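Under numbering that gives the first Met the number 0, the first residue of the sequence shown is numbered 0, with each subsequent residue one higher.
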Amino acid sequence: MKNKNTTEGLRHYNRALVLQSLRRLGPSSHTEIAEDSTLASGTVSVITTELFEEGAIRKEEKPSTKGRGRPRVLLALNPVFARLAFIHISSSEVEYSLVSYNNVLLDRFQVARSNSATDAAAFSDQVRRDLFRLAERSELHPSEIAHISISTKGLVGGGGTRLLWSPVFGDSQIDFAELFKEWPERVKISNQTGFSAHAKLQAAGPFAKQHAVLSLGDSIGLGIANRTGREDISYQAPPFGHMVHVEDGPLCRCGSLGCIEAYAGFYGILRSAYDAPTDHIPAKFIPKEQMDQLAADARAGDQRIRFAFRQAADVLTLGLSRLMTIHGPMAITITGPGVAYFDLMEEHFKGHFEKNLRIRVSHMPTIAVEKDEPGLVFSSNAMVSLSTFDSEYVATRQIERARSA
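Printed below as a string of structure tokens:
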């Protein structure tokens with residue numbers, strides 16, 4: 000979006016405000032939009048007329064609450080104006096979802112994958128075929144998908160379109176902008192824990208300023224969200240799991256030594272529990288049944304296994320404690336498959352935080368557990384992607400220009 004200090008930039012900014020209000024309020028009257036957006040009534044009239052003519056919004060009739068008289072005419076986002084595709088990549092499957100412009104799920108399917116299949120090119124070809132299948136299932140031409148957003152674990156970059164490193168493919172990179180070249184500048188890949196942090200901060204309300212989400216599993220992920228305005232939230236997912244805890248420590252899946260993940264990822268806990276060589280990775284992905292049995296033995300009193308979980312908690316909390324020394328205490332949500340074993344770690348989290356000076360003189364961060372990580376990632380991905388689509392394409396009339404070209 001252009002600088003709002005210019006005439007055109009201000010027009011785009013005001014159009015985005017109206018779209019934000021409709022997303023926040025749902026079907027609304029002209030007066031409600033003006034009050035929520037703080038725009039003048041005349042400005043709202045001009046913008047809503049434009050958006051209606053462009054097809055981005057539609058009119059809906061709502062029966063009078065008193066049962067008589069004319070129905071109220073409300074303005075609402077037009078579901079058929081655009082469709083967005085969402086791809087969620089996990090170690091066991093790839094999930095494809097199609098969502099309407101008013102954020103209603105239209106279609107979804109999953110494709111199983113083997114984490115032993117390490118050919119990035121073959122995986123890319125399969126994802127491309129499945130995306131086209133998503134369009135075909137809804138009888139859409141691929142060009143009718145207006146935006147593609149991909150969420151995954153691993154290290155992302157390249158302007159938000161490239162997977163730089165992942166546990167399965169290692170250093171074999173995937174450029175999704177090149178893979179989906181039919182959608183120029185309409186493809187975005189993000190680390191899923193960043194989305195999770197965004198969702199949690201959004202749900203915490205306007206007075207919450209920061210939130211961190213720690214994802215536990217084979218991988219260790221961290222998402223951090225910061226509120227920069229009423230509706231403006233920035234988020235990031237630094238490679239926390241690959242921050243070095245101890246130099247020359249146990250071997251990590253990334254090839255480095257002493258990473259946090261090498262202690263706290265499932266394979267790190269398993270390796271420590273059975274006193275396996277630290278230069279050996281027992282398996283990149285540990286079956287849930289094996290972790291469940293490990294946790295059951297720990298709860299039954301096996302001290303060696305209890306130590307492995309305690310060590311994982313120590314390493315994780317020391318990393319978070321260092322983060323809060325710099326950025327201050329913030330609420331934490333624990334998510335991912337590892338929440339099933341958090342009862343074996345929680346006590347050690349609190350103990351380490353109590354020793355941190357900045358936390359001690361400020362406040363103890365709250366720690367919550369979220370079991371539905373996929374749901375958290377999807378809801379935030381949809382919210383962020385639709386909002387970005389509004390501000391960068393609809394508010395700036397790029398969609399209108401593309402259709403008339």
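Yeah, the Cβ is synthetic: ideal placement off N, Cα and C, and Gly gets one too.
A quick note: this is a predicted structure, and the numbers were derived from the prediction, not measured.
Inter-residue spacing [alpha-carbon to alpha-carbon] between residue i and residue j
i: THR160; j: GLN302; result: 45 Å
i: THR30; j: ALA203; result: 27 Å
i: ILE223; j: LEU215; result: 15 Å
i: GLY257; j: PRO249; result: 5 Å
i: VAL167; j: GLN310; result: 25 Å
i: GLY254; j: ARG82; result: 40 Å
i: ASN114; j: GLN172; result: 16 Å
i: ASP313; j: SER28; result: 53 Å
i: GLU7; j: THR332; result: 41 Å
i: ARG136; j: GLU181; result: 19 Å
i: PRO70; j: LYS61; result: 5 Å
i: VAL155; j: ALA55; result: 32 Å
i: GLY407; j: MET344; result: It is not possible to answer for residue 407, since the shown part of the chain is limited to 0 through 404.
i: GLN19; j: GLY25; result: 10 Å
i: ARG357; j: PHE239; result: 20 Å
Residue i in three-state terms, based on DSSP
i: LEU38; result: coil
i: ARG321; result: helix
i: GLU138; result: coil
i: ILE333; result: strand
i: TYR95; result: strand
i: ILE280; result: coil
i: GLU59; result: strand
i: LEU16; result: helix
i: ARG127; result: helix
i: VAL368; result: strand
i: PHE348; result: helix
i: GLY193; result: helix
i: HIS244; result: coil
i: SER218; result: coil
i: GLN289; result: helix
i: GLU7; result: helix
i: TYR100; result: coil
i: VAL167; result: coil
Boundaries of the beta strand (DSSP E) in which residue i is found, first to last residue
i: SER214; result: 209-214
i: ARG161; result: 161-164
i: TYR392; result: Unbroken run through TYR392: none, as it is neither H nor E.
i: VAL72; result: 71-76
i: THR151; result: 144-151
i: SER189; result: 186-190
i: SER233; result: 232-235
i: ALA275; result: That residue, ALA275, is in no beta strand (DSSP E); it is neither H nor E in DSSP.
Delimiting residues of the alpha helix (DSSP H) encompassing residue i
i: GLY374; result: 372-388
i: GLY156; result: Careful: GLY156 lies outside any alpha helix (DSSP H), inside the beta strand (DSSP E) at 154-156.
i: PHE179; result: Note, PHE179: premise wrong, no alpha helix (DSSP H); not H, not E.
i: LEU269; result: 265-272
i: LEU356; result: 356-360
Cβ-based neighbour list, residue i, same chain, cut-off 7 Å, excluding 5 preceding and 5 following
i: ARG226; result: LEU200, ALA207, LYS208, ILE232
i: ALA272; result: LEU293, ARG303, ILE304, ALA307
i: ASN102; result: ALA381, LEU385
Any non-hydrogen atom of the ligand ZN within 7 Å of residue i CB
i: TYR262; result: In the structure on display, the ligand ZN does not appear, and there are no ligands present to speak of.
Cβ neighbours of residue i in the same chain (closer than 6 Å, five flanking residues each side left out)
i: MET290; result: PHE265
Count the CB pairs spanning the segment 279-286 and the segment 315-331 that are closer than 8 Å, and state whether there are at least three. Touching, no.
Indicate whether the contact test is met: 3 or more Cβ pairs, each with one atom in the segment 257-270 and one in the segment 229-244, closer than 8 Å. Segments in contact, yes.
Do the segment 381-398 and the segment 13-29 touch if we need at least three Cβ pairs shorter than 8 Å? Between the segment 381-398 and the segment 13-29, the count of C-beta pairs closer than 8 Å reaches three or more; the two stretches touch.
Pairing CB atoms from the segment 338-355 with CB atoms from the segment 110-118, are three or more of them under 8 Å? Verdict: no, contact absent.
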